[in-house]
Amino acid sequence: MSVTESTATARTEAEIAPDQGWSALMAEAAQEVFEVMVGGKLTPADICGQHQGGVTAMLGFAGVPCGVFSVRCSWSAAAAIAGRMLGASPEELPAEQVCDALGEICNMVAGSIKVRLSDAGSNCMMSIPTVVRGVDYQVRCLACDRCFSTAMELDGQAVIFHLELQS
Amino acid sequence: MASIRALIVDDSGVMRKIVERSLRQAGIGLDQVFEAGNGSEALDILRRQRVDLVLSDINMPVMDGLEFVRQIAGIENARGVPVVMITTEGSEQHVVEAISCGARGYIRKPFTPDQVKEHVLPLLEVAG
Chain L
704 MSVTESTATA RTEAEIAPDQ GWSALMAEAA QEVFEVMVGG KLTPADICGQ
754 HQGGVTAMLG FAGVPCGVFS VRCSWSAAAA IAGRMLGASP EELPAEQVCD
804 ALGEICNMVA GSIKVRLSDA GSNCMMSIPT VVRGVDYQVR CLACDRCFST
854 AMELDGQAVI FHLELQS
Chain F
4 MASIRALIVD DSGVMRKIVE RSLRQAGIGL DQVFEAGNGS EALDILRRQR
54 VDLVLSDINM PVMDGLEFVR QIAGIENARG VPVVMITTEG SEQHVVEAIS
104 CGARGYIRKP FTPDQVKEHV LPLLEVAG
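First to last, the protein sequences are chains L and F. Counting with my numbering, you get residues 704 to 870 for the letters of the first sequence. Counting with my numbering, you get residues 4 to 131 for the letters of the second sequence.
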């Protein structure tokens, strides 16, 4: 079956996941990935306000849904995640490996979301992840008009999962 | 089972290390491990080296995993070598596409060493 054919018969985004369902979907997918690949349990966190700096891994969804998914955390949280994945001390890991690990986390969580959406009749494609690191930056998808966030915690450090969607 | 020579193909170096560790944790002895960051690099390795197993991601820059598996058939060194896809793409459509391209197994990320064992071991036993 080609992508064109399946898109023509795909269900609408609202049928696949109503707005209130996106945050729960991200949390479920993230918990699965962290449990299996990071060896740690993510728990819900109560974090408010705009987060700046740190490291962000992001990738695009094309099709239904269409938008940008991202994972954002502090550098020390990203290093701790990479350390757990590789069984290494976070202080010993080069920056490249820390970014690579967060990119893979983003890829796997997005993949896990995609599998859940596919089960519900969605058909979308994912791009390869991009990772940004800095002290003062914001990431924004210009074509998107709705956004959903889920704040989680691993070993006391916040990890934010964010989805911006285009109507 | 004797130790094997494996080729791991993934654009993430972290994931290549995790796949290697999972093979070892699954009790699969590794005599030598070759790594490639995309399908094109992997084809170059297969032209020069004999391997017993290939584990490949699908979504990669330069040459993706599906095109890589299609082109393996043209390499004499690699004929009959089992290829297992390890990818985040878990839809039935992707599995069917990978198998029709020549892959012999399919593991979805995230994965455990037990899942690697379950998919890889039978292929090595048949080949060996």
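We put the beta carbon where it would ideally sit given N, CA and C, even for glycine.
What separation, rounded to the nearest whole angstrom, lies between the Cα atoms of residue i and residue j?
i, j, result
"L/Glu856", "F/Glu44", "38 Å"
"F/Gly30", "F/Lys120", "8 Å"
"F/Val98", "F/Ala106", "9 Å"
"L/Ile863", "F/Ala76", "44 Å"
"F/Leu56", "F/Ile7", "8 Å"
"L/Pro793", "F/Leu58", "27 Å"
"F/Asn41", "F/Gly108", "19 Å"
"F/Ala63", "L/Ala748", "Position check: residue 63 of chain F holds Met in this sequence, whereas Ala was assumed. Roughly 33 Å between the two C-alpha positions."
"L/Asp839", "F/Asp117", "42 Å"
"L/Ser726", "L/Ala791", "31 Å"
"F/Asn80", "F/Thr91", "28 Å"
"F/Asp47", "F/Leu124", "26 Å"
"L/Phe764", "L/Thr853", "18 Å"
"L/Leu820", "F/Gly83", "35 Å"
Under 7 Å between the Cβ atoms of residue i and residue j?
i, j, result
"L/Gln860", "L/Ala780", "yes"
"L/Cys809", "L/Gly766", "no"
"L/Val835", "L/Thr746", "no"
"L/Gly951", "L/Pro832", "A question about residue 951 of chain L goes unanswered here, because the residues of chain L that appear run from 704 up to 870."
"F/Ile78", "F/Arg50", "yes"
Is DSSP giving residue i helix, strand or coil here?
i, result
"F/Arg82", "coil"
"L/Leu745", "coil"
"F/Ala101", "helix"
"L/Glu708", "Here the model assigns L/Glu708 a pLDDT of 33, short of 50, so the residue's position is not dependable, and the following value carries that caveat. Note: L/Glu708 maps to helix in three-state DSSP."
"L/Ala713", "Note that L/Ala713 scores 47 on pLDDT, short of 50, meaning its location in the model is unreliable and no value can be drawn from it."
"L/Ala760", "strand"
"F/Ser43", "helix"
"F/Pro116", "helix"
"L/Asp839", "coil"
"L/Leu728", "helix"
"F/Ala9", "strand"
"L/Cys847", "coil"
"L/Leu796", "coil"
"F/Val36", "strand"
"L/Val834", "strand"
Determine which residues share a DSSP beta bridge with residue i and list them.
i, result
"F/Arg51", "Answer by DSSP bridge pairing: none, since F/Arg51 is not bridged."
"L/Cys769", "According to DSSP, L/Cys769 bridges with nothing at all."
"L/Ser852", "L/His865"
"F/Arg19", "BP columns for F/Arg19 are empty, so no partner."
"F/Tyr109", "F/Met88"
"L/Cys827", "L/Gly766"
Compare the Cα-Cα distances from residue i to each of the options and report the closest residue.
i, options, result
"F/Ala5", "F/Leu26, F/Ile21, F/Met18 and F/Leu33", "F/Leu33"
"L/Ala804", "L/Met761, L/Ser821, L/Val771 and L/Lys817", "L/Met761"
"F/Gln52", "F/Asn62, F/Glu38 and F/Met63", "F/Glu38"
"L/Asp678", "F/Glu95, F/Gly16 and F/Val123", "For chain L, the structure presents residues 704 to 870; residue 678 of chain L sits outside this window and is missing."
"L/Gly657", "L/Val736, L/Leu868 and L/Ala798", "The first residue shown for chain L is 704 and the last is 870, placing residue 657 of chain L beyond what the model contains."
"F/Ala101", "F/Val123, F/Met88 and F/His122", "F/Met88"
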